[in-house]
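Asker: I'd like to ask some things about the structure below.
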Amino acid sequence: MNCPYCNYHDSKVVDSRDVSDGIRRRRECLACGSRFTTYERIQTVGLFVIKKDQRREEFNRDKLASGIRKACEKRPLPTGTIDRVVQDIEAELYSLSKSEIPSAVIGDMVMNRLKKLDYIAYIRFASVYRQFTDITALKQEIDSLVDGQEKTVDMTSQLPLLPADDLLAGGKRRRTRR
Ligand SMILES: [Zn+2]
2 MNCPYCNYHD
12 SKVVDSRDVS
22 DGIRRRRECL
32 ACGSRFTTYE
42 RIQTVGLFVI
52 KKDQRREEFN
62 RDKLASGIRK
72 ACEKRPLPTG
82 TIDRVVQDIE
92 AELYSLSKSE
102 IPSAVIGDMV
112 MNRLKKLDYI
122 AYIRFASVYR
132 QFTDITALKQ
142 EIDSLVDGQE
152 KTVDMTSQLP
162 LLPADDLLAG
172 GKRRRTRR
C-alpha cells in the first residue's frame with residue numbers, strides 16, 4: 002500500500018507479527034521515512050459457484066447446509082448427519098482444485114448423498130433442485146428409486162418412512178403375519 006503521508010508506492014517492513022486472523026506489519030516509507038501499520042488477512046481460497054443463469058456467486062457453506070437441512074426437515078436422521086454431509090461435500094469440492102464449480106455439480110453431490118441417506122429427503126431436494134415441472138417426472142424419479150431399491154439397494158441402510166412402531170400401532174385392523 003502507498004504511504005498514507007506522502008503517497009509513495011514503496012515501503013520496507015520494520016516489524017511483523019502474527020495476529021489472530023492475519024499478520025500485522027509495521028512499515029517505513031522509503032521516501033519520507035514515516036511509519037505506518039498494515040494488516041494482511043489470511044483469506045481462504047475463493048471458490049465460486051456458477052449458477053444456471055451463468056451468474057457467479059461465492060460458495061457459501063451455510064447456504065448449502067440450509068438447503069440440505071430443509072430437505073431433511075423432520076426426517077429421523079441422527080444428530081450431526083447434516084453437518085457431516087456438508088463437510089464431506091466441502092472436502093470434495095476443494096479436492097477438485099477448481100476456482101469455479103457449476104451449481105449442478107454441487108447439486109449432484111448433495112443428491113448422491115441424500116439418496117443413500119434418506120429417500121424422502123432425496124426426493125424433496127430433487128424436487129426443488131431439478132424443478133420437476135410435472136408429476137410425471139417426479140413419478141419417474143420415484144419409480145427409478147423403487148426399481149433400484151429392489152435390485153441393488155441394501156434396504157438396511159435406509160430409514161423406514163415411518164418408525165416401525167407407528168406402523169404397528171395402527172389399531173384394530175392391524176394385520177399380523179402369523
Ligand atoms: Zn511517505
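The sequence shown runs 2 to 179 under my numbering.
Glycine included, C-beta positions come from ideal geometry on N, C-alpha and C.
Keep in mind it's a predicted model, so treat the numbers as computed, not measured.
At the level of alpha carbons, what is the spacing between LEU48 and GLU101?
Answerer: 6 Å
Asker: Shorter than 6 Å, the distance from the beta carbon of TYR40 to the closest heavy atom of ligand 1, or not?
Answerer: no
Asker: So with Cβ pairs under 7 Å, would you call VAL50 a contact of chain D?
Answerer: The structure shown contains no chain D; it is built from a single protein chain.
Asker: With respect to 6 Å, is the separation between the Cβ of TYR6 and the closest non-hydrogen atom of ligand 1 below this value?
Answerer: Under cutoff, so the answer is yes.
Asker: According to DSSP, is GLU101 part of a helix, a strand, or is it coil?
Answerer: strand
Asker: Below 8 Å on the Cβ atoms is my guess for GLU41 versus ILE69; work out the distance and round it to an integer in Å.
Answerer: Not confirmed; about 34 Å, so no contact.
Asker: Let's see if you can read the secondary structure: which residues bound the beta strand (DSSP E) around GLU59?
Answerer: For GLU59, the enclosing beta strand (DSSP E) begins and ends at 57-59.
Asker: May I ask you to list the residues that DSSP assigns as paired with ASP19?
Answerer: ILE24
Asker: For the alpha helix (DSSP H) that TYR95 lies in, which residues bound it at each end?
Answerer: 82-96
Asker: When the Cα atoms are used, what is the spatial distance from PRO12 to LYS71?
Answerer: Sequence check: residue 12 is Ser here, not Pro. Answer to the nearest angstrom: the Cα atoms are 52 Å apart.
Asker: Is ALA105 close to ligand 1? I mean its beta-carbon at under 6 Å from any heavy atom of the ligand.
Answerer: Not so, every heavy atom of ligand 1 lies at least 6 Å from the Cβ.
Asker: From PRO5 to ILE51, what does the alpha carbon distance come to, in whole angstroms?
Answerer: 38 Å
Asker: Leaving out five residues on either side along the sequence, give the residues of the same chain with a beta carbon under 7 Å from the beta carbon of ARG125.
Answerer: ALA72
Asker: Rounding to the nearest angstrom, what Cα-Cα distance links ILE83 and CYS30 in this structure?
Answerer: Computed Cα separation, rounded: 51 Å.
Asker: In terms of residues, what are the limits of the alpha helix (DSSP H) holding TYR123?
Answerer: First-last of the alpha helix (DSSP H) with TYR123: 120-130.
Asker: Looking at the unbroken beta strand (DSSP E) that takes in ARG76, where does it start and where does it end?
Answerer: ARG76 -> no beta strand (DSSP E), and no H or E assigned at all.
Asker: Assuming contact is defined by CB atoms lying nearer than 7 Å, are VAL87 and LEU65 in contact in what I supplied?
Answerer: yes
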